[in-house]
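Q: Got a structure for you, questions after.
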Amino acid sequence: MSDAIPPPVHLDKVVDGLAENPALPSELVHRLLGYRKGLGRVAKRPDLSDGVIAQIIATDDHWLTHSLALNRSLPQAFRMILAEHPDPAIRRALVVAADGAPRELFELLLDDSDPQVREHLAASDHMPADLRTRLAADPDPRVRATLAQWWTTAPEPVRRLLLTDPDDSVRAGACATYFRRLPHPVPPADLVADLLADPVTRAGAVRHCSLD
Numbered sequence: 001m002s003d004a005i006p007p008p009v010h011l012d013k014v015v016d017g018l019a020e021n022p023a024l025p026s027e028l029v030h031r032l033l034g035y036r037k038g039l040g041r042v043a044k045r046p047d048l049s050d051g052v053i054a055q056i057i058a059t060d061d062h063w064l065t066h067s068l069a070l071n072r073s074l075p076q077a078f079r080m081i082l083a084e085h086p087d088p089a090i091r092r093a094l095v096v097a098a099d100g101a102p103r104e105l106f107e108l109l110l111d112d113s114d115p116q117v118r119e120h121l122a123a124s125d126h127m128p129a130d131l132r133t134r135l136a137a138d139p140d141p142r143v144r145a146t147l148a149q150w151w152t153t154a155p156e157p158v159r160r161l162l163l164t165d166p167d168d169s170v171r172a173g174a175c176a177t178y179f180r181r182l183p184h185p186v187p188p189a190d191l192v193a194d195l196l197a198d199p200v201t202r203a204g205a206v207r208h209c210s211l212d
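In terms of full-length UniProt numbering, the sequence shown is residues 1 to 212.
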């Protein structure tokens, strides 16, 4: 019988848990960068040095880089580097953790070629309002529909654009019975009649109509 100790059954989870331990020595952080079977959670540590961050980016390992993009302690300079990463999943992750990000990051991603990146921007309350407004004219209706569902406190001109959008899915998202954020928006009174006449907005508009 071999005396070799078998690896733990849940080795990946053990390594990920170790990676999140704040007491982990820096030399072990470097060693964990070489482990490629987990979800790369070592890249989410808030105490990563610039050198370690650069090393993670240089590995181009998907999970390490994805976790790094989700790191809310990531210095702004590295966020800007990841904003130009060729993998749209990395750019989407960057938007998810964009609280406190510089305006320049949102400006760069606003015209991203991947619609899902722009959808994430539309859903983000961290985006400057004037830049978020521009998504009401995004060429992809999925982006506009996401904006309608998530930005419930949008200025009235933006809500009007979404409520009168030529795409059914956008209008339905703008005048719905359920929204992703509170408070639920109230449509302008002068649009209610048209919203009631529109099959895709009728259910959302009926609660706002006069019953005289």
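For every residue, glycine included, the Cβ atom is placed at its ideal position computed from N, Cα and C.
What you are looking at is a predicted structure, and each value in this text was computed from that prediction instead of being measured.
Three-state secondary structure (DSSP) at Asp167?
A: DSSP places Asp167 in coil when its eight states are reduced to three.
Q: Does DSSP put Met80 in a helix, a strand or coil?
A: The answer is helix: DSSP assigns Met80 an H, G or I state.
Q: Give me, in chain order, the residues of the same chain whose beta-carbon lies closer than 8 Å to that of His120; leave out the 5 immediate sequence neighbours on both sides.
A: Excluding sequence neighbours, His120 sits near Arg92, Val95 and Val96.
Q: Quick one: Cα of Leu109 to Cα of Ala205, how far?
A: Cα-Cα distance, rounded: 34 Å.
Q: Using the Cβ count rule (16 or more neighbours within 10 Å means buried), how would you classify Asp50?
A: Flag for Asp50 reads exposed.
Q: First and last residue of the alpha helix (DSSP H) that includes Lys44?
A: Taken as a continuous stretch (DSSP letters only), Lys44 belongs to no alpha helix (DSSP H), as it is neither H nor E.
Q: If I'm right that Cys209 touches Leu196 with Cβ under 8 Å, what's the distance once you round it to whole angstroms?
A: Their Cβ separation, rounded to whole angstroms, is 6 Å, which keeps Cys209 and Leu196 in contact under 8 Å.
Q: In angstroms, rounded to a whole number, what distance separates the CA positions of Val170 and Pro139?
A: The alpha-carbon atoms of Val170 and Pro139 are separated by roughly 12 Å.
Q: Let me make sure I understand the geometry here. Which of Trp150, Arg31, Arg134 and Gly34 has the alpha-carbon closest to that of His184?
A: Closest by alpha carbon: Trp150.
Q: Do Ala137 and Leu163 count as a contact pair if the criterion is CB distance below 9 Å?
A: Their beta carbons are not under 9 Å apart, which means Leu163 does not touch Ala137 by this criterion.
Q: Between Pro157, Ala203, Val52 and Pro199, which lies nearest to Asp130 when the distance is taken from Cα to Cα?
A: Residue Pro157 is the option with its Cα nearest to Asp130.
Q: Cα separation between Arg134 and Asp114?
A: The alpha-carbon atoms of Arg134 and Asp114 are separated by roughly 16 Å.
Q: Can you grab the Cα-Cα spacing for the pair Leu105 / Asp99, in whole Å?
A: Their Cα atoms are separated by approximately 11 Å.
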